[in-house]
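Line by line, the protein sequences give chains A and B. First residue of the first sequence? That's 0 in numbering that gives the first Met the number 0, and the numbers climb one at a time after it. First residue of the second sequence? That's 0 in numbering that gives the first Met the number 0, and the numbers climb one at a time after it. First comes the structure, then the notes that go with it.
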Amino acid sequence: MSRGVARILAVWAALMMLLALTLAAAFLPLGAAKPWVAYAIATAKAALVLWFFMELRREDGIMRLAAVAGFVWLAILFVLTAADYVTRVWM
Amino acid sequence: MPERALHEPFHDLPRQREADRLGMIVFLASEIMLFGGIFAAALALRLEHPTDYVHAAHHLKLSLGTANTAALLTSSMFAALAVAAARAEAPNWAGRALWAAAGLGLIFLAVKGVEYAGEYREGLMPGTPEADFSSRVEQLFMNLYFVATGIHALHVTGGIVLMASAALNRRARYDAHAVLIGNVALYWHLVDIIWLFLYPTLYLAGVA
């Protein structure tokens, strides 16, 4: 088995462990932190897929920049949306 | 048989391959924005009605959602293996891995179909005569669920077609730079990533 194949299998095992972890965490009494934990684990899984499966580890700066561009704009969308809804109770 | 020959406007093959890949990455960024609107709507709904959102999400089958997450993650692994096989000049293995990835995609769609049928029977499918929602938030949540998973399922279907055509394409399997297989795999991985975020937004949110 080549090193590349072994790496892909190891990343898959890590992804499945994170899936088990996020499922278990959903049943823990974490209170308000629960969605944060779920999305943190989802982000970790997405990062593994982007870095290893989508091979951003092999790419140069311009390719990585293009890959994260969508996520950056999305973050702006979420922050501004939340800024509205979260602060409505202050009015 | 090698990869597609050098064509205008490129002067060398490495540059042409890089452009092929960059084009796909930019397209995928636009896909992220498409689904981003749906996630923003879910965020707004959850911030406005935190308790009702959790109650509504509780109707979804967590076991089926979890099984589908595992199916897509494993399918992504096979897509990555197909790229590795094409690069290692093992065209037969590249084909087999692509078929495995496409097969798991079909299993994903079958599970989704079982879920939709169950939701139809339980009166959770908006627009059907059986639809019966206990609250406005529940209806909004189910609208969002069907729009999000429906558009995602269309992407899964597209990905399966792309992987099957790549598996049947001799030139693609024998291309040691895996230009076509690599781009098809990139698309498939993004479909996987979108599901990775739909899973906590729709399914895990329902665990009280």
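Even glycine gets a Cβ: it sits at the ideal position worked out from N, Cα and C.
- One Cα belongs to V206(B), the other to Y144(B), and the distance between them is close to 16 Å.
- Of the other Cβ atoms in all chains shown, fewer than 16 fall within 10 Å of the Cβ of S134(B); this residue is therefore exposed.
- For the C-beta of G69(A), the chain B residues within less than 8 Å are, from N- to C-terminus, L27, A28, S29, E30, I31, M32, G35.
- With respect to the 8 Å criterion, H151(B) and W187(B) are not classified as neighbours on the basis of their beta carbons.
- Boundaries of the alpha helix (DSSP H) around H54(B): 49-56.
- Contact between A147(B) and V110(B) is absent: CB atoms are separated by about 16 Å, not below the 8 Å threshold.
- Exposed is the label assigned to N91(B), since fewer than 16 other Cβ atoms lie within 10 Å of its Cβ.
- In the displayed model, Y173(B) falls within coil according to three-state DSSP, outside both helix and strand.
- Taking C-beta atoms as the reference points, I192(B) and A65(A) fail to come closer than 8 Å.
- Between G181(B) and V82(B), the alpha-carbon positions lie close to 6 Å from each other.
- In this structure Y38(A) is in contact with P199(B), their Cβ atoms being roughly 6 Å apart against a cut-off of 8 Å.
- The Cβ atoms of A116(B) and G122(B) do not sit closer than 8 Å to each other.
- Contact annotation: A163(B) and A85(B) have beta-carbon atoms that are not nearer than 8 Å.
- Take L20(A), set aside five residues on each side of it, and the residues of its chain with a beta-carbon closer than 7 Å to its own are I40, in chain order.
- Boundaries of the alpha helix (DSSP H) harbouring K111(B): 90-120, taken from the DSSP string.
- Under the 8 Å criterion on CB atoms, M53(A) is classed as interfacial with respect to chain B.
- Using a Cβ distance threshold of 8 Å, G104(B) and V183(B) do not count as a contacting pair.
- Membership of M15(A) in the alpha helix (DSSP H) is indicated by the continuous run 2-25.
- For E137(B), the enclosing alpha helix (DSSP H) starts and ends at 135-167.
- Residue nearest to L185(B) within the set G35(B), A78(B), Q15(B) is A78(B) (criterion: CA-CA distance).
- According to the DSSP assignment, L201(B) belongs to no alpha helix (DSSP H), since it is labelled neither H nor E.
- Around G3(A), the beta-carbon contacts reaching into chain B at under 7 Å are A83.
- Considering only H58(B), A55(B), E30(B), A100(B), the residue with the shortest C-alpha distance to V160(B) is A100(B).
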